[in-house]
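Before any comments, here is the structure.
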Amino acid sequence: LICCYRKPKTKRAKRFLEKREPKLNENTKNAMLIKGGNANLTVTEVLKDIYAVKKPFAVLYKRKNITRPFEDQTSLEFFSKKSDCSLFLFGSHNKKRPNNLIIGSRMFDYHVLDMIELGVEKFVSLKDIKNSKCPEGTKPMLIFAGDVFDVNEEYRRLKSLLIDFFRGPTVPSIRLAGLEYILHFTAVDGKIYMRSYKVLLKKSGCKIPRIELEEMGPSLDLVMRRTHLASDDLYKLSLKQPKGLKPKKKKNISHDVFGTTYGRIHMQKQDLSKLQTRKMKGLKKRPAEKSAEDGGATPKKSKSA
10 LICCYRKPKT
20 KRAKRFLEKR
30 EPKLNENTKN
40 AMLIKGGNAN
50 LTVTEVLKDI
60 YAVKKPFAVL
70 YKRKNITRPF
80 EDQTSLEFFS
90 KKSDCSLFLF
100 GSHNKKRPNN
110 LIIGSRMFDY
120 HVLDMIELGV
130 EKFVSLKDIK
140 NSKCPEGTKP
150 MLIFAGDVFD
160 VNEEYRRLKS
170 LLIDFFRGPT
180 VPSIRLAGLE
190 YILHFTAVDG
200 KIYMRSYKVL
210 LKKSGCKIPR
220 IELEEMGPSL
230 DLVMRRTHLA
240 SDDLYKLSLK
250 QPKGLKPKKK
260 KNISHDVFGT
270 TYGRIHMQKQ
280 DLSKLQTRKM
290 KGLKKRPAEK
300 SAEDGGATPK
310 KSKSA
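The sequence shown runs 10 to 314 under my numbering.
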């Protein structure tokens with residue numbers, strides 16, 4: 010099959026296509042938040058609060074979309090390609106599954122990779138907690154409590170999904186004042202508790218400040234329902250890194266247990282007799298010693314005119 014590729018006619022279209030081309034270092038993952046055809050007020054408020062936390066790397070669709078992600082993913086894949094989003098959060102509500110959230114899924118080649126369905130049992134909005142909020146675009150610190158996040162495969166994939174969803178942009182350096190937002194996830198007794206806190210730096214009388222946590226919302230009590238996980242082979246394929254990102258092996262460099270770097274230098278054998286030292290009269294060789302080194306030949310005296 011020969012795919013017809015239309016070249017861009019304007020510079021704006023060219024920039025748009027270059028922005029969506031595959032890159033060695035991928036852009037920050039955007040998320041789209043979609044309401045189902047029967048979303049109630051609780052689900053709508055949850056989507057709005059998650060959008061406020063995720064901004065500016067999120068797209069909120071305000072119209073209702075009649076779709077069922079676990080039965081047909083074509084509409085989600087279409088929206089993903091249209092808005093260039095690799096993550097999504099779908100909210101719906103019905104009698105069988107009330108206050109339903111489908112968090113997922115990483116899109117691999119614009120196809121659904123993972124999908125996990127969560128039920129909202131308790132929700133406290135940002136508006137209900139009358140405290141100061143963090144500014145838009147603040148990068149959160151993510152904390153996961155509970156052994157089940159490391160033992161159970163479904164919870165392990167959920168942890169990976171939540172990290173991808175909330176971690177924000179990759180930054181080269183961190184300043185202390187920028188660490189002001191915490192997202193805490195606790196898994197215990199089959200439930201997942203999501204809490205968000207603002208970090209307050211108080212005076213402590215020394216160089217290190219005293220830290221206090223103040224709840225700022227949103228607050229969610231979740232329970233896991235259905236899951237749609239990719240096969241191990243497809244999951245490994247999605248994690249494959251290009252050759253350009255793999256670090257090149259450097260010769261003659263080693264590291265110890267503590268991370269100290271050691272380098273090995275290869276040098277030729279040195280002749281210490283030819284080593285230049287400080288010139289002193291007492292260390293000068295006599296003419297007889299020099300002649301012995303030269304093979305016993307005495308230097309000829311020049312004839313005087």
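C-beta: ideal position from N, C-alpha, C; glycine also. Just so you know, these numbers come straight off a predicted model, no measurement behind them.
Asked, Found
"Per the DSSP calculation, S205 is bridged to which residue(s)?", "L192"
"Considering S101, what are the terminal residues of the beta strand (DSSP E) in which it resides?", "L96 to S101"
"Going straight from the alpha carbon of P296 to that of G268, what length do you get?", "56 Å"
"Count the other C-beta atoms from every protein chain shown that fall within 10 angstroms of the C-beta of A154, then say buried if there are 16 or more, exposed otherwise.", "exposed"
"Classify A40: buried if its beta carbon has 16 or more other beta carbons within 10 angstroms, exposed otherwise.", "buried"
"Between L42 and Y70, is the Cβ-Cβ spacing less than 8 Å?", "yes"
"Leaving out five residues before and five after E223 in sequence, what residues of the same chain have Cβ atoms less than 7 Å from its Cβ?", "N140, Y206, K207 and L209"
"Rounded to a whole number of angstroms, what is the C-alpha to C-alpha distance between F88 and Y190?", "30 Å"
"From the DSSP output, read off the bridge partner residues of M41.", "V68 and F97"
"Do you know offhand how far A61's Cα is from L96's?", "16 Å"
"So is P144 buried or exposed if we call it buried at 16+ other beta carbons inside 10 Å?", "exposed"
"Whole angstroms are fine: how far does the CA of S169 sit from the CA of E35?", "17 Å"
"Excluding five sequence neighbours on each side, which residues of the same chain lie with their C-beta closer than 8 Å to the C-beta of L231?", "L110, L127, G128, V129, E130, K200, I201, Y202 and M203"
"Between the Cα of K148 and those of Q82, L185, K255 and S300, spot the shortest distance and give me the residue it belongs to.", "L185"
"What are the start and end residues of each continuous beta strand (DSSP E) run of 3 or more residues lying completely inside the stretch 107 to 186, in chain order?", "109 to 113, 124 to 133 and 150 to 154"
"Where S213 and E221 are concerned, what is the direct C-alpha to C-alpha distance, given to the nearest angstrom?", "11 Å"
"Going by the CB atoms, is the gap between I112 and G226 shorter than 8 Å?", "no"
"Are K44 and K73 close, meaning C-beta to C-beta below 8 Å?", "yes"
"Going by Cα to Cα distance, which pick from N261, K257 and G46 is closest to M276?", "N261"
"Do the CB positions of S92 and N47 come within less than 8 Å of each other?", "no"
"Within the same chain, show all residues whose beta-carbon is closer than 6 Å to that of T76, passing over the 5 residues directly before and after it, in chain order.", "S84"
"Could you tell me if V160 is buried or exposed, where buried requires 16 or more neighbouring beta carbons within 10 angstroms of its beta carbon?", "exposed"
"Locate the beta strand (DSSP E) running through R234, then write down its first and last residues.", "S228 to H237"
"Identify whether T53 lies in helix, strand or coil by the three-state DSSP scheme.", "helix"
"Beta strand (DSSP E) containing E35: first to last residue?", "Element bounds for E35: n/a, residue is neither H nor E."
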